[in-house]
Amino acid sequence: MARGQRLMETAGVESGLDPVYVCSRCGTQDSAETAIWHCSNCEGLLEGWPAVTFSARDVDDQETGLWRYARALPPLPASERVRLGEVMTPLVESEPLAAMLKVDYLFPSGSYKDRGGAVLVSRLRHLGVRQALEDSSGNAGASIAAYSAAAGISCEVFVPAGNSPDKLAQIEAYGRHCGRSTVTALRSRGRRSRPRKRASTPATIGTPTFTRAYRVWVSRSGSSAAGARPTR
Numbered sequence: 000m001a002r003g004q005r006l007m008e009t010a011g012v013e014s015g016l017d018p019v020y021v022c023s024r025c026g027t028q029d030s031a032e033t034a035i036w037h038c039s040n041c042e043g044l045l046e047g048w049p050a051v052t053f054s055a056r057d058v059d060d061q062e063t064g065l066w067r068y069a070r071a072l073p074p075l076p077a078s079e080r081v082r083l084g085e086v087m088t089p090l091v092e093s094e095p096l097a098a099m100l101k102v103d104y105l106f107p108s109g110s111y112k113d114r115g116g117a118v119l120v121s122r123l124r125h126l127g128v129r130q131a132l133e134d135s136s137g138n139a140g141a142s143i144a145a146y147s148a149a150a151g152i153s154c155e156v157f158v159p160a161g162n163s164p165d166k167l168a169q170i171e172a173y174g175r176h177c178g179r180s181t182v183t184a185l186r187s188r189g190r191r192s193r194p195r196k197r198a199s200t201p202a203t204i205g206t207p208t209f210t211r212a213y214r215v216w217v218s219r220s221g222s223s224a225a226g227a228r229p230t231r
């Protein structure tokens, strides 16, 4: 049994109740309808309760793109999902690599970061957040800016001073602001201190909302037995 689950049971969290966040370190409970990103008591890692289970039967064939796997994602009414025309990106065969490749540049902003961007911004709007700050070298900033614009959320994106002009132009095309001179300092000793003073809930596109295994399994009609993902 995972330590987080033991803490949940010790804290008296019962299955069937409204979803809550439970700290994996101290067991403190917070409402899942609260705009927080770590434990309100000790800043520990939060885990959702009840735990999400997902199977092939839970794939919503009436939906498109990421939202086909909504039951594996944070709770959100269908009417509040921010959409930019996401599709099921195809798997194409690469003969030189003897592998199937997922063509994720077909996402609305041009990268797979739209998976996390769609979920994150949808949750922000659901929770009533009106302003977001994003620290990005490019793709994540473009995604958050695009979905924030669609959601009516004010978004400021901090990028490295030497960032790609094309990527900067893409972000600015969504009508948001870019702070060219801030990110280098924030990524060293400052560690995002400036945005944290201006925003109540720092967040990250790295939160694992990705449904990679399910997507590949569906694209392969349930025939994939194993997969590999390169890492740095």
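Letter by letter, the sequence shown follows residues 0 to 231 of numbering that gives the first Met the number 0.
All residues carry an ideal CB built from backbone N, CA and C; glycine is no exception.
N-terminal and C-terminal residue of the beta strand (DSSP E) that residue i is part of
i	result
E92	L90 to S93
D134	Q130 to D134
Y146	From DSSP, Y146 is part of no beta strand (DSSP E) but of the alpha helix (DSSP H) over N138 to A150.
C22	V19 to C22
S39	Note, S39: premise wrong, no beta strand (DSSP E); not H, not E.
S54	Note, S54: premise wrong, no beta strand (DSSP E); not H, not E.
For residue i, the three-state DSSP class (helix, strand or coil)
i	result
L105	helix
D60	coil
A69	helix
S153	strand
E46	strand
A77	helix
A98	strand
Straight-line gap, residue i to residue j (C-alpha atoms, nearest Å)
i	j	result
R70	V58	8 Å
S54	L90	21 Å
V120	E79	10 Å
A141	D113	9 Å
T27	M99	44 Å
Buried or exposed by the 16-neighbour rule on C-beta atoms within 10 Å, applied to residue i
i	result
L123	buried
E276	Look at the range of the chain in this structure, 0 to 231, and you will see that residue 276 is not part of it.
L126	exposed
E94	exposed
E85	buried
N162	buried
Y104	exposed
C154	buried
Endpoints, the alpha helix (DSSP H) within which residue i is located
i	result
E171	P164 to A172
D113	K112 to H125
Residue i at chain C interface by Cβ criterion, 8 Å
i	result
V58	No chain C is part of this structure, which consists of one protein chain only.
Kindly confirm or deny that the segment 44 to 53 and the segment 20 to 36 touch, where touching means at least three C-beta pairs closer than 8 Å.
yes
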